[in-house]
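In what follows, a single structure is set out as structure tokens and then discussed.
Protein chains: 4
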Amino acid sequence: MIGLPGTKGERQLEDLRREVLEANLELVARGLVLYTFGNVSGIDRRRGLVGIKPSGVPYERMKASDIVITDLEGRIVDGEMRPSSDLKTHLVLYKEFSDIGGVVHTHSMFATGWAQAGRPIPAFGTTHADYFHGPVPVTEALTDEEIQGDYVLNTGVAICRRFRTLDPMATPAVLVAGHAPFCWGATPDEAVHTAVVLEFVAQMAALTATLNPENPGVSQALLDRHYFRKHGAAATYGQN
Amino acid sequence: MIGLPGTKGERQLEDLRREVLEANLELVARGLVLYTFGNVSGIDRRRGLVGIKPSGVPYERMKASDIVITDLEGRIVDGEMRPSSDLKTHLVLYKEFSDIGGVVHTHSMFATGWAQAGRPIPAFGTTHADYFHGPVPVTEALTDEEIQGDYVLNTGVAICRRFRTLDPMATPAVLVAGHAPFCWGATPDEAVHTAVVLEFVAQMAALTATLNPENPGVSQALLDRHYFRKHGAAATYGQN
Amino acid sequence: MIGLPGTKGERQLEDLRREVLEANLELVARGLVLYTFGNVSGIDRRRGLVGIKPSGVPYERMKASDIVITDLEGRIVDGEMRPSSDLKTHLVLYKEFSDIGGVVHTHSMFATGWAQAGRPIPAFGTTHADYFHGPVPVTEALTDEEIQGDYVLNTGVAICRRFRTLDPMATPAVLVAGHAPFCWGATPDEAVHTAVVLEFVAQMAALTATLNPENPGVSQALLDRHYFRKHGAAATYGQN
Amino acid sequence: MIGLPGTKGERQLEDLRREVLEANLELVARGLVLYTFGNVSGIDRRRGLVGIKPSGVPYERMKASDIVITDLEGRIVDGEMRPSSDLKTHLVLYKEFSDIGGVVHTHSMFATGWAQAGRPIPAFGTTHADYFHGPVPVTEALTDEEIQGDYVLNTGVAICRRFRTLDPMATPAVLVAGHAPFCWGATPDEAVHTAVVLEFVAQMAALTATLNPENPGVSQALLDRHYFRKHGAAATYGQN
Numbered sequence: 679m680i681g682l683p684g685t686k687g688e689r690q691l692e693d694l695r696r697e698v699l700e701a702n703l704e705l706v707a708r709g710l711v712l713y714t715f716g717n718v719s720g721i722d723r724r725r726g727l728v729g730i731k732p733s734g735v736p737y738e739r740m741k742a743s744d745i746v747i748t749d750l751e752g753r754i755v756d757g758e759m760r761p762s763s764d765l766k767t768h769l770v771l772y773k774e775f776s777d778i779g780g781v782v783h784t785h786s787m788f789a790t791g792w793a794q795a796g797r798p799i800p801a802f803g804t805t806h807a808d809y810f811h812g813p814v815p816v817t818e819a820l821t822d823e824e825i826q827g828d829y830v831l832n833t834g835v836a837i838c839r840r841f842r843t844l845d846p847m848a849t850p851a852v853l854v855a856g857h858a859p860f861c862w863g864a865t866p867d868e869a870v871h872t873a874v875v876l877e878f879v880a881q882m883a884a885l886t887a888t889l890n891p892e893n894p895g896v897s898q899a900l901l902d903r904h905y906f907r908k909h910g911a912a913a914t915y916g917q918n
Numbered sequence: 679m680i681g682l683p684g685t686k687g688e689r690q691l692e693d694l695r696r697e698v699l700e701a702n703l704e705l706v707a708r709g710l711v712l713y714t715f716g717n718v719s720g721i722d723r724r725r726g727l728v729g730i731k732p733s734g735v736p737y738e739r740m741k742a743s744d745i746v747i748t749d750l751e752g753r754i755v756d757g758e759m760r761p762s763s764d765l766k767t768h769l770v771l772y773k774e775f776s777d778i779g780g781v782v783h784t785h786s787m788f789a790t791g792w793a794q795a796g797r798p799i800p801a802f803g804t805t806h807a808d809y810f811h812g813p814v815p816v817t818e819a820l821t822d823e824e825i826q827g828d829y830v831l832n833t834g835v836a837i838c839r840r841f842r843t844l845d846p847m848a849t850p851a852v853l854v855a856g857h858a859p860f861c862w863g864a865t866p867d868e869a870v871h872t873a874v875v876l877e878f879v880a881q882m883a884a885l886t887a888t889l890n891p892e893n894p895g896v897s898q899a900l901l902d903r904h905y906f907r908k909h910g911a912a913a914t915y916g917q918n
Numbered sequence: 679m680i681g682l683p684g685t686k687g688e689r690q691l692e693d694l695r696r697e698v699l700e701a702n703l704e705l706v707a708r709g710l711v712l713y714t715f716g717n718v719s720g721i722d723r724r725r726g727l728v729g730i731k732p733s734g735v736p737y738e739r740m741k742a743s744d745i746v747i748t749d750l751e752g753r754i755v756d757g758e759m760r761p762s763s764d765l766k767t768h769l770v771l772y773k774e775f776s777d778i779g780g781v782v783h784t785h786s787m788f789a790t791g792w793a794q795a796g797r798p799i800p801a802f803g804t805t806h807a808d809y810f811h812g813p814v815p816v817t818e819a820l821t822d823e824e825i826q827g828d829y830v831l832n833t834g835v836a837i838c839r840r841f842r843t844l845d846p847m848a849t850p851a852v853l854v855a856g857h858a859p860f861c862w863g864a865t866p867d868e869a870v871h872t873a874v875v876l877e878f879v880a881q882m883a884a885l886t887a888t889l890n891p892e893n894p895g896v897s898q899a900l901l902d903r904h905y906f907r908k909h910g911a912a913a914t915y916g917q918n
Numbered sequence: 679m680i681g682l683p684g685t686k687g688e689r690q691l692e693d694l695r696r697e698v699l700e701a702n703l704e705l706v707a708r709g710l711v712l713y714t715f716g717n718v719s720g721i722d723r724r725r726g727l728v729g730i731k732p733s734g735v736p737y738e739r740m741k742a743s744d745i746v747i748t749d750l751e752g753r754i755v756d757g758e759m760r761p762s763s764d765l766k767t768h769l770v771l772y773k774e775f776s777d778i779g780g781v782v783h784t785h786s787m788f789a790t791g792w793a794q795a796g797r798p799i800p801a802f803g804t805t806h807a808d809y810f811h812g813p814v815p816v817t818e819a820l821t822d823e824e825i826q827g828d829y830v831l832n833t834g835v836a837i838c839r840r841f842r843t844l845d846p847m848a849t850p851a852v853l854v855a856g857h858a859p860f861c862w863g864a865t866p867d868e869a870v871h872t873a874v875v876l877e878f879v880a881q882m883a884a885l886t887a888t889l890n891p892e893n894p895g896v897s898q899a900l901l902d903r904h905y906f907r908k909h910g911a912a913a914t915y916g917q918n
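Protein chains in written order, with this note's numbering: chain A, 679 to 918; chain B, 679 to 918; chain C, 679 to 918; chain D, 679 to 918.
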């Protein structure tokens with residue numbers, strides 16, 4: 679028990695749970711998940727607590743109280759259920775990418791198609807450039823030892839290895855080779871938004887790759903122009 | 679008449695009928711059937727009775743009492759209607775695959791596209807590996823004699839021939855060459871679940887095969903890791 | 679005026695109009711038309727009268743009284759509106775194919791994709807064979823003279839030319855090269871059913887052609903087995 | 679303030695706003711936009727005023743009063759919000775194409791797939807010819823200087839450069855290379871109609887290009903026949 683009923687600590691936990699629940703349900707509403715596939719987590723950085731979807735529970739019956747609360751080592755701090763089997767990957771990402779507040783994993787059709795093909799998604803156009811400042815990268819395949827060892831943790835390690843020279847906030851998604859995408863963002867909600875756009879961009883890119891297999895993608899100038907239109911101090915998109 | 683009204687025998691029959699009806703309607707809800715395409719059956723192993731969809735009846739008018747009850751030789755034991763024209767294939771599978779309790783046949787778009795192409799669906803990723811412990815196999819084409827003879831029965835025989843060296847519980851689906859998929863499971867409901875995932879995996883695999891035609895599929899290590907995460911004594915997925 | 683109000687003649691006309699209206703609306707319900715694309719007609723063979731969709735009228739506002747009644751020469755016999763601009767093609771088909779009672783024209787996505795490609799849809803599987811006793815043929819391209827002359831009529835002529843050696847009841851659809859499909863059947867409703875299946879088969883065949891470009895299609899034996907399971911004196915499918 | 683409440687000037691402004699709002703919402707209803715992607719504008723030619731979607735506002739909350747009114751130099755004349763970030767492209771089109779009354783920009787899946795591929799959409803069939811009197815052209819890629827300079831304005835300039843020898847009313851759409859389509863028409867509503875058909879045609883053409891990569895498209899005779907069936911003094915389609 680990490681907060682007495684009615685205390686500030688408990689209210690914060692309830693907020694985290696609700697935020698994580700809503701982000702999980704948004705995956706369903708956007709058509710990104712089949713059955714119990716996929717999972718979203720969120721982190722309360724100040725307290726070092728992560729809320730994550732329970733394993734194998736149907737979305738239509740999921741309640742805020744089903745969201746499992748763990749610490750950054752994966753120890754269950756609050757909650758009755760077993761956490762998502764992908765928990766350890768999420769935790770690696772929270773530890774390594776210090777600015778992220780939410781992580782999403784789906785097996786959405788088109789992004790997973792690219793992940794299975796072991797190909798990064800090229801920056802073929804401005805839709806891509808509005809969200810990703812370069813191709814969406816793909817990890818190396820895990821070795822047999824990594825798979826037979828602490829597989830879920832090693833999936834996270836493979837992602838971080840791929841990001842050694844990349845800024846995770848400028849490229850908030852990755853394709854795990856032979857598996858599926860992971861996305862992240864400042865909040866669980868933002869990470870889901872990125873997962874939805876990634877799926878859209880992945881479908882569009884499959885079409886472009888078919889129509890023009892030699893296409894190298896947009897110029898660096900166009901990539902910069904669109905990316906910085908929506909991100910950073912000089913952003914001009916929207917009402918803020 | 680195989681059970682007096684109100685007796686245990688009749689209640690069991692009603693349960694089988696309702697289970698088979700619901701599994702058939704789930705095919706519609708999941709978008710796997712057009713018009714009267716597709717059929718689901720279930721078996722009561724103890725009594726040796728099979729319940730199956732009637733032939734050519736619109737799903738929207740189908741009632742539990744329309745489900746036809748036959749024995750394992752295909753003799754109608756109870757019911758007013760003619761059984762699905764695919765009945766004999768279902769019966770062969772029940773006889774040969776002793777652990778299955780439900781069979782599904784659909785002409786779902788993408789799985790049928792692979793069946794028509796005469797290509798097995800490779801295990802391109804973990805979505806596949808979570809359900810199928812290897813490629814989804816395709817039968818050999820039936821000979822003219824098999825087609826002109828007891829065709830529906832011979833379709834079942836061709837499936838079993840293909841499974842001589844395969845475990846039907848580890849690969850609960852097959853593509854009949856030039857025709858369409860059959861799936862099975864411990865219950866009719868589970869068989870439908872597999873049919874839905876097969877369709878999803880088939881679409882994803884078509885994309886992967888286009889993006890990377892040389893892709894050999896995932897490693898045996900990854901296949902094992904994912905398959906046994908959801909199946910067998912060491913399964914860790916879900917709440918049980 | 680071809681029937682006094684309340685007479686048998688007028689009631690028959692109302693029946694034809696309602697049948698044609700419902701078949702047109704079924705195209706919308708099945709997702710086969712965009713805006714005012716597509717049209718269905720029906721014929722009263724005894725009286726030599728055709729009912730057809732009016733030109734360019736939104737489906738959501740269409741009423742039975744909007745259906746235009748013409749004779750086989752295209753003269754308007756009853757109705758306030760201008761008939762579909764494709765009327766003359768329909769009339770050629772009614773004159774040449776004496777067993778048909780309904781004609782459908784759509785620009786449905788996948789069937790039109792094949793028509794534009796100028797390729798017949800091969801009989802890749804049993805879904806196809808259940809409805810079409812061979813490939814769905816494609817017409818030759820019209821000459822400039824045919825296009826600049828009585829174009830709509832010449833479209834019908836090109837279809838009939840293609841069917842010189844084919845039985846229109848065994849192959850109840852055609853792709854007009856560079857244009858789109860026409861389908862037909864014993865009734866307008868049956869013609870729409872065929873148009874829906876054609877679109878499904880066309881999508882499936884596009885997938886199969888991509889996965890296995892060398893695929894010659896199913897054997898004649900399988901084509902016969904499936905086609906005659908649903909058609910002709912020896913049919914065994916359904917409840918009749 | 680450009681019109682006193684209740685005056686004719688204000689009523690005209692309200693009409694423009696409502697027309698532009700409805701056209702924007704139609705994009706959503708037709709499935710052409712994701713999140714806040716896309717934008718529609720309309721022009722009051724007599725007064726030289728343009729109404730355009732505000733930047734980054736969710737469609738489900740958009741009201742007529744959110745539509746921003748600017749002059750042809752992009753100065754805000756009425757409205758509380760920041761206009762679409764694509765405003766300057768719209769303004770170039772209004773200045774150069776004197777007959778258009780509405781402009782639409784989307785990132786719709788298939789049209790954008792072609793734009794990203796840098797390929798014009800060939801006139802593969804009559805569906806295309808009914809709306810576009812030739813291929814849907816693609817602009818040249820912008821130079822780094824154009825991108826780093828007044829990028830949004832230069833996008834409009836690149837479109838007009840591409841139309842030097844084309845009639846914008848006969849080809850009411852363009853693909854901006856590496857970006858996405860722009861469409862236009864006599865009214866905002868008509869421009870949206872064209873955007874919907876363009877997306878449909880783009881999907882169909884992708885299929886055709888896959889099934890028959892060598893396809894040169896329809897003959898000039900067929901292109902003319904269909905285009906002039908729906909356009910110009912000799913049009914015969916519809917009820918007018």
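In this text, a Cβ means the ideal position worked out from N, Cα and C, and glycines have one as well.
Source: prediction; values computed, not measured.
Do you know how far the Cα of residue 770 of chain B is from the Cα of residue 731 of chain B? 17 Å
Bridge partner(s) assigned by DSSP for residue 722 of chain A: DSSP, once it has assigned bridges, lists A:727 as partnering residue 722 of chain A.
Flag this pair as yes or no: are the beta carbons of residue 853 of chain B and residue 816 of chain B separated by less than 7 Å? Cβ atoms of residue 853 of chain B and residue 816 of chain B: closer than 7 Å.
So which residues of chain A does residue 896 of chain B contact, with C-beta pairs closer than 7 Å? 856
Within 10 angstroms of its Cβ, does residue 891 of chain B collect 16 or more other Cβ (buried), or is it exposed? exposed
Distance, residue 735 of chain B Cα to residue 692 of chain C Cα: 29 Å
Just the Cα atoms here: how many angstroms apart are residue 729 of chain B and residue 751 of chain B? Going from the Cα of residue 729 of chain B to the Cα of residue 751 of chain B covers about 13 Å.
Under 9 Å (Cβ pairs) to chain B, residues found in the stretch 865-889 of chain C: Shown in chain order are the members of the stretch 865-889 of chain C whose Cβ falls below 9 Å from a Cβ of chain B: 871, 874, 875, 878, 881, 882, 883, 884, 885, 886, 887, 888, 889.
Per DSSP, which one or two residues make a beta bridge with residue 748 of chain D? Under DSSP, residue 748 of chain D forms a beta bridge with D:728, D:754.
Is it buried or exposed, residue 720 of chain A, if we count other Cβ atoms within 10 angstroms and call 16 or more buried? buried
Checking contacts by CB at 7 Å: is residue 790 of chain A closer than that to chain B? yes
Under 7 Å between the Cβ atoms of residue 849 of chain B and residue 794 of chain A? no
Coarse secondary structure for residue 863 of chain A, derived from DSSP in three states: strand
Taking residue 796 of chain C as the reference, which of C:819, C:777, C:813, C:825 has the closest Cα? C:819
With a threshold of 8 Å, are at least 3 pairs of Cβ atoms found where one atom belongs to the stretch 802-814 of chain D and the other to the stretch 897-910 of chain D? Yes, the stretch 802-814 of chain D is in contact with the stretch 897-910 of chain D.
Give a yes or no on whether 7 Å exceeds the smallest Cβ distance from residue 787 of chain D to chain A. yes
Cα-Cα, which of A:860, A:844, A:842 is closest to residue 830 of chain A? A:860
Starting from residue 853 of chain D, follow its DSSP beta bridges and name the residues at the other end. D:816, D:859
I'd like the list of long-range same chain contacts for residue 759 of chain D, defined as Cβ closer than 8 Å, with 5 residues on each side in sequence excluded. 732, 733, 735, 744, 746
Contact under 7 Å by Cβ, residue 718 of chain C with residue 782 of chain C: yes
Compute the Euclidean distance between the alpha carbons of residue 864 of chain C and residue 791 of chain A, then round it to the nearest angstrom. 43 Å
Only counting the same chain, and skipping five residues up and downstream in sequence, which positions put a Cβ closer than 6 Å to that of residue 775 of chain B? 846
Residues sharing a beta bridge with residue 761 of chain C, DSSP: C:732
Cutoff 7 Å: residue 795 of chain C Cβ touching any chain B Cβ: No, no contact with chain B.
Could you tell me the boundaries of the alpha helix (DSSP H) in which residue 791 of chain A lies? 787-795
Interface residues of chain A around residue 899 of chain B at Cβ under 7 Å? 822, 825, 826
Could you say which of C:868, C:789, C:738 lies nearest to residue 813 of chain C if we only look at CA atoms? C:789
Would residue 915 of chain A count as contacting chain D if we go by Cβ distances under 7 Å? yes
Separation of residue 787 of chain A from residue 828 of chain D, as counted between CA atoms: Spanning the alpha carbons of residue 828 of chain D and residue 787 of chain A requires a straight line of approximately 38 Å.
Please state whether the Cβ-Cβ distance between residue 889 of chain A and residue 856 of chain D is less than 7 Å. Their beta carbons are not under 7 Å apart, which means residue 889 of chain A does not touch residue 856 of chain D by this criterion.
Could you have a look at residue 702 of chain C and say whether DSSP puts it in helix, strand or coil? helix
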